[in-house]
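Here the sequence shown stands for residues 0 to 507, where the numbers follow numbering that gives the first Met the number 0.
Glycine is no exception: its CB is placed at the ideal position from the N, C-alpha and C atoms.
All of these numbers come straight from a predicted model, not from anything done at the bench.
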Amino acid sequence: MSTRVASHYGDGARGLQWLWFWTVVGLALRLWTLGSESLWLDEILAAERVDQSLGFILSGGDSASQGPIFAVWIKFWGMIAGTDEWMLRIWPAIWGTLCIPAVYFLARQLFTGAIALLAALFMAVHPFAIHYSQDARPYSLFLLCSIVASYLLLKMMRQHRWPVALAYVLVAGATVYIHPFAAFLIAAHLWMYLWFRRESRFRGALRYPRPYAWTLVLLIVACSPEIWQDAAIMFSDTVRPQATAWIPIPSWNWPLVNAGDYFMWRKLGYAVLLLAALPAIFRALTETQLRIGFQWMLIVAVCFWILPWVISLTVKPITVARYTTPGLLVIILLMAVAATTLQALPRQLYMMVLFALTVYPLWGYYTGVDKDPWRQHAQYLAERVKPGDRIVAYPDVADVAQEYYLPPGVCSQVARADSPAEWDSLLVNTPRVWLVTSYLQLTPADRSQIELIERTHVRARQIAMRDLLRMHKHRFWAAPIQVTLYEQHATEQPGPAPAMPADTTTSS
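Put into structure tokens, the structure is as follows:
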């Protein structure tokens, strides 16, 4: 669809027809290959919720970086439909699809119908939005609720009505129970209220502040239990001290890097940002009727890119691209504004370039492997593990991946010992040990346990699962799963094991 059509139909019934067409396209892209890839470790941990008690989940459970809403949903859905890859990911795909019409109606509040229609198009095909719509985690739900809450805030500021206000409290409050980064969304909304209330269209928020104050009180009351728990986890040295230990300190240019990473390929993302920013800045300087929309994007960018970056540098690292999912709205709206800037043929060519650059990473996404190859690692082990062998995985949390994917007979051979004496008794009658390493660097305790294995066993084979697969070159992340086979010394002589050539066998 050309941008001329978007401009002509963006505000009418034909525009809604195009919107539903893009929604169907977006749904198809999110369902395509939905269950073809292995679950990655966090998705497997989500599947574990089915066996956890409701009280354990609501109290925070073992999750320091997620709220309870998604975990409760997965628990009851998994009890009904099971926990295979497709069933675990179907709801994130639905939520991600609903983001398409949601961003349209939000953009209508901020810009024009033409911009809103193109925003829906870019949301339908954006690789970051598609990837996390195929992820059994709460990020697509977080994005959806952030869009709806922002729409309700703008509608409430035009004229305060309690049904709209209560709906806003419900949705905005739900985001806090979905992900801790919702605190930045609430901060952004408070900033928007204070900034926008002097605009003519929102003048009622300035003249009649009392109902808005009561709405804020209700929101604070609704969110306070989860905010208190999240704050305790973040700032306490005793509550889950390793909860965010894996997050590195961000670089000085992290906000720009994060924006580029939304496109899977950072350099391509920079190119799109440059192409979109120049005409968008021109419109921001010349078209005052679009001022509120640009101010909205600025506030979201500051709250989801700059504030987490500053906190990470001064307090504790918290910057992870997927945590800033609502910041994707800045990119989507920026591209939509830029695509409606020029006239006639130049506009259409410009739109085609933006669209092509956006969808380019999807070819590799659909034809390569983007997630942890736990399923493939289980197939590899199931074909080779013999009776009497032992499987040891590091870190400890990776045991859940063994339990999820290994056949029951092989899964029973997964071993764990807590002391050197237990390791000695475990290894003495074990002819072969399969060592599986994946996330994080080995701790000193882990290395000492591996040294115990190498005293009585020699390294016979080592493979990296990613080397056996066609991995997507520009994937967001896939764990470097490595399998090492140790065989017992024929003479039982202790000593370091020599390195052996890597296994070149292809996984089934």
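Just verifying my parser: in three-state terms, what is the DSSP assignment at His-376? In this structure, His-376 counts as helix in the three-state DSSP scheme.
Gln-375 and Met-464 - do their beta-carbons sit closer together than 8 Å? Yes. Within cutoff.
Could you compute how far the alpha carbon of Arg-431 sits from the alpha carbon of Ser-411? Their Cα atoms are separated by approximately 15 Å.
Taking only runs of the alpha helix (DSSP H) that begin and end inside the stretch 68-92, which ones reach a length of at least 4 residues, in chain order? List check, alpha helix (DSSP H) in window: nothing returned.
Residue of Glu-486, Gln-342 and Tyr-364 minimising C-alpha distance to Val-384: Out of Glu-486, Gln-342 and Tyr-364, the CA that lies nearest to the CA of Val-384 is found in Glu-486.
Helix, strand or coil, according to DSSP, for Met-296 in the structure here? DSSP places Met-296 in helix when its eight states are reduced to three.
Leaving out five residues on either side along the sequence, give the residues of the same chain with a beta carbon under 8 Å from the beta carbon of Asp-388. Same-chain partners within the cutoff: Gln-412, Thr-429, Pro-430, Arg-431, Val-432 and Trp-433.
Which one or two residues does DSSP pair with Val-391 in a beta bridge? According to DSSP, residue pairing for Val-391 in a beta bridge involves Leu-434.
Residues bridged to Arg-458 [DSSP beta-bridge criterion]: Residue pairing by DSSP places Arg-458 opposite Tyr-485 in a beta bridge.
So, is Phe-550 buried or exposed, given that buried needs 16 or more other C-beta atoms within 10 angstroms? The displayed coordinates of the chain run from 0 to 507. Any statement about residue 550 would go beyond what the structure contains.
What is the C-beta distance between Trp-304 and Pro-345, in whole angstroms, given that I count them as a contact (C-beta under 8 Å)? Taking 8 Å as the upper bound for CB-CB distance, Trp-304 and Pro-345 are not in contact here, some 31 Å apart.
Rounded to whole angstroms, what is the Cα-Cα separation between Arg-3 and Ala-343? Note on Arg-3: pLDDT 49, under 50, position unreliable in the model; the coordinate value appears next. Computed Cα separation, rounded: 7 Å.
Quick check: the Cα distance between Thr-366 and Ile-129, rounded to an integer number of angstroms? For Thr-366 and Ile-129, the gap between their C-alpha atoms comes out near 14 Å.
Nonlocal neighbours in the same chain, by C-beta distance under 7 Å from Tyr-176, ignoring five residues either side: Here the set comprises Gly-66, Pro-67, Ile-68 and Glu-225.
For Asp-423, I'd like the list of residues in its chain whose CB is within less than 6 Å of its CB, leaving aside the five on either flank, ordered along the chain. Leaving aside the five residues that flank Asp-423 on each side, none in its chain has a CB nearer than 6 Å to its CB.
Quick one: grab the DSSP three-state call for Val-238. Because the pLDDT at Val-238 is just 44, under 50, the model does not fix this residue reliably, and the value given afterwards should be weighed accordingly. The answer is coil: DSSP assigns Val-238 none of H, G, I, E or B.
Boundaries of the alpha helix (DSSP H) in which Gly-25 is found, first to last residue: Boundaries of the alpha helix (DSSP H) around Gly-25: 12-30.
Which residue or residues does DSSP assign as beta-bridge partners of Ala-463? Ala-463 is bridged to Gln-481.
Whole-number beta carbon distance between Ile-462 and Val-435, since they are thought to touch under 8 Å: No, Val-435 and Ile-462 are not in contact; Cβ-Cβ is about 11 Å, not under 8 Å.
Cα-Cα separation between Leu-362 and Ser-35, rounded to whole angstroms: For the record, residue 362 in the displayed sequence is Trp; it is not Leu. Those two C-alpha atoms are separated by around 15 Å.
Three-state class that DSSP yields for Val-508 in the structure shown: This structure gives no information on residue 508, because the portion of the chain shown stretches from 0 to 507.
Could you tell me the alpha carbon to alpha carbon distance between Ile-317 and Ser-311, rounded to whole angstroms? Distance between the alpha carbons of Ile-317 and Ser-311 is about 6 Å.
Between Thr-237 and the rest of its own chain, which residues show a CB-CB distance below 7 Å, the 5 nearest in sequence each way excluded? For Thr-237, the predicted structure reports a pLDDT of 40, less than 50, and the residue's modelled location is therefore unreliable. A value from the coordinates is still provided. Cβ neighbours of Thr-237 beyond the five flanking positions: none.
Are the stretch 110-126 and the stretch 151-171 touching, with three or more C-beta to C-beta distances below 8 Å? Counting C-beta pairs closer than 8 Å gives fewer than three between the stretch 110-126 and the stretch 151-171, which falls short of the contact rule.
Rounded to a whole number of angstroms, what is the C-alpha to C-alpha distance between Arg-136 and His-488? Looking at the backbone, the Cα of Arg-136 and that of His-488 are separated by about 44 Å.
Which residues bound the alpha helix (DSSP H) around Ile-129? Run containing Ile-129: 126-132, per the alpha helix (DSSP H) assignment.
Nearest-angstrom Cα separation, counted from Lys-266 out to Val-368: When rounded, the separation of the alpha-carbon atoms in Val-368 and Lys-266 is 21 Å.
I want to see whether chain C comes within less than 8 Å of Phe-75, judged by CB atoms only; does it? Absence of chain C from the displayed structure is noted, only one protein chain being present.
Contact set for Asp-260: own chain, Cβ-Cβ below 6 Å, skip 5 residues either direction: Cβ within range, chain order: Ala-320.
Hey, how far is the Cα of Ser-90 from the Cα of Tyr-364? Here residue 90 is Trp; the residue named in the question, Ser, does not match the sequence. For Trp-90 and Tyr-364, the distance between alpha carbons rounds to 20 Å.
Where does Met-263 sit, in a helix, a strand or coil, going by DSSP? Of the three classes helix, strand and coil, the one that applies to Met-263 here is coil, per DSSP.
Going along the chain, which residues of its own chain have a beta-carbon closer than 6 Å to the beta-carbon of Trp-94, five neighbours each way excluded? Cβ neighbours of Trp-94 beyond the five flanking positions: Ser-139, Leu-140 and Leu-143.
I need the DSSP call for Val-336, collapsed to helix, strand or coil. Three-state result, Val-336: helix.
Quick one: what's Val-368 bridged to in DSSP? According to DSSP, residue pairing for Val-368 in a beta bridge involves Met-470.
Leu-327 beta carbon less than 8 Å from that of Ala-275: Not in contact: Ala-275 and Leu-327 (Cβ atoms no closer than 8 Å).
Using the Cα positions of Leu-439 and Leu-33, report the straight-line distance between them to the nearest angstrom. Looking at the two C-alpha atoms, the distance is approximately 27 Å.
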